[in-house]
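Residue numbers (this note's numbering), protein chains in the order written: chain Y, 1 to 104; chain V, 1001 to 1104. Every residue, glycine too, gets a C-beta built ideally from N, C-alpha and C. All values reported here derive from a predicted model rather than from experimental measurement. These notes are about the structure you will find just below.
2 protein chains.
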Amino acid sequence: MTGVPELLLLRLLSQEEMYGYELVRKIQLVTGEAIKLGEGVIYPSLYALEKAGALKAKRRKVGARERVYYSLTRKGRTRLQKLEADWVRIRDAVNLAGEADAVS
Amino acid sequence: MTGVPELLLLRLLSQEEMYGYELVRKIQLVTGEAIKLGEGVIYPSLYALEKAGALKAKRRKVGARERVYYSLTRKGRTRLQKLEADWVRIRDAVNLAGEADAVS
DNA sequence: GGTATTTACCTTGAACTGCGAGGTGTTAGC
DNA sequence: GCTAACACCTCGCAGTTCAAGGTAAATACC
């Protein structure tokens, strides 16, 4: 209904490229622990977004360890804008419904 | 993740008892067309909530036509409070993430 | 009188989402 | 040498949401 995980991923990646494990912790950080998305959510989401052409992956060796960095494509930026708009629409609608309800 | 449909249902029914078909239109009305939940969402939700003890149903004849009116139980009010709190948590977290992201 | 729309109920099957719990191997600290 | 953190990945379930159907009565329209 709201697509919150995807929205958060695209938002963060629109700022700077990051890798999966990093995103898991970053999301907890920027939401003040309120939203915790596990790796079981993050990794499949990243693959789906990459497959959809919204993200591009870049494998990079850091020492002997490999990380997969993701960044937004042009298509990804378009998608982010749409998700932001959707979110605002839903958020405001729910708030509106709350007020209308309280008043009625 | 957010349980928006259930939240809207419980909110509306906490104000006054209503029947399924009425709820479908009411939700469109109070959200300014932004959220449209079809009968395929509403009816199963109502049954589930009734089964969970959050709603009670009252069949009433209006003319020769029968309507099923739903209203909140005490358990339903508790559940509504929890959902409201959850919603605020998610909403604020997403907003917070947006700001943190824009600033960083 | 007949027909179309609206009211009102309900079900089904599928798609999509989200997640916990698992597994592998690497690096760092003690 | 051992434990904890790092970093990747997958599986299968459970829950949510939906479009599309179907029934039947009431109303509106011609």
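Beta strand (DSSP E) segments (min. 3 residues) lying fully within the region 1024-1092 of chain V: Runs found: 1055-1062, 1065-1072.
Buried/exposed call for Tyr-19(Y), threshold 16 Cβ in 10 Å: Per the 10 Å Cβ criterion, buried.
Residues, ordered as in the chain, of the region 1024-1046 of chain V that lie near chain Y by beta-carbon distance below 7 Å: Within the region 1024-1046 of chain V, the residues whose Cβ lies closer than 7 Å to some Cβ of chain Y are Val-1030, Thr-1031, Gly-1032, Ala-1034, Ile-1035, listed in chain order.
For Leu-55(Y) and Tyr-70(Y), believed in contact at Cβ under 8 Å, the rounded distance: Yes, Tyr-70(Y) and Leu-55(Y) are in contact; Cβ-Cβ is about 5 Å, under 8 Å.
Under 7 Å between C-beta atoms of Ala-93(Y) and Ile-1035(V): Yes, these two residues count as a Cβ contact at 7 Å.
Chain-ordered neighbours of Gly-76(Y) on chain V, where CB pairs are closer than 8 Å: Neighbours of Gly-76(Y) on chain V: none; closest Cβ ~15 Å, over 8 Å.
Check whether Leu-1007(V) and Trp-1087(V) have beta carbons under 7 Å apart: The Cβ atoms of Leu-1007(V) and Trp-1087(V) sit closer than 7 Å to each other.
Range covered by the alpha helix (DSSP H) that runs through Glu-6(Y): Residues 4-15.
Exposed unless 16 or more other CB atoms sit within 10 angstroms - verdict on Gly-32(Y): Exposed is the call here.
Closer than 7 Å to chain V by CB, Arg-143(Y): Outside the displayed range of chain Y (1 to 104) lies residue 143(Y), so it cannot be described from this structure.
Contacts that Thr-1073(V) makes with chain Y (C-beta to C-beta distance below 8 Å): Under the 8 Å cutoff, chain Y gives no residues; its nearest Cβ is about 18 Å from Thr-1073(V).
Nearest candidate by alpha-carbon position, reference Gly-1053(V), set Gly-1003(V), Gly-1038(V), Leu-1080(V), Arg-1059(V): Nearest C-alpha to Gly-1053(V): Leu-1080(V).
Among Arg-1074(V), Glu-1022(V), Arg-1011(V), nearest to Asp-1067(V) - alpha-carbon criterion: Correcting the residue type first, residue 1067(V) is Arg in the shown sequence and not Asp. Ranking Arg-1074(V), Glu-1022(V), Arg-1011(V) by Cα distance to Arg-1067(V) puts Glu-1022(V) first.
Chain Y residues whose Cβ lies nearer than 7 Å to that of Arg-1091(V): The contacting residues are Arg-91.
Chain V contact residues for Ala-97(Y), given Cβ-Cβ distances below 7 Å: By Cβ distance, chain V contributes Leu-1008, Arg-1011, Val-1030, Thr-1031.
Gly-1018(V) - partner residues in DSSP beta bridges: Note that residue 1018(V) corresponds to Met in the displayed sequence, not to Gly. According to DSSP, which records beta bridges pairwise, Met-1018(V) is partnered with Tyr-1070(V).
Listed by chain order, chain V residues near Arg-1(Y) by CB distance under 7 Å: Just to set this straight, residue 1(Y) is Met in the shown sequence, not Arg. Close to Met-1(Y), with beta-carbon spacing below 7 Å, are these residues of chain V in chain order: Thr-1002, Val-1004.
Thr-78(Y) classed as buried or exposed, judged by whether at least 16 other C-beta atoms fall within 10 angstroms: Exposed.
Exposed unless 16 or more other CB atoms sit within 10 angstroms - verdict on Arg-1011(V): With 16 or more other Cβ atoms within 10 Å, it is buried.
Chain-ordered chain V contacts of Val-68(Y) [CB-CB under 8 Å]: Within 8 Å Cβ-Cβ: nothing; Val-68(Y) doesn't reach chain V, min ~21 Å.
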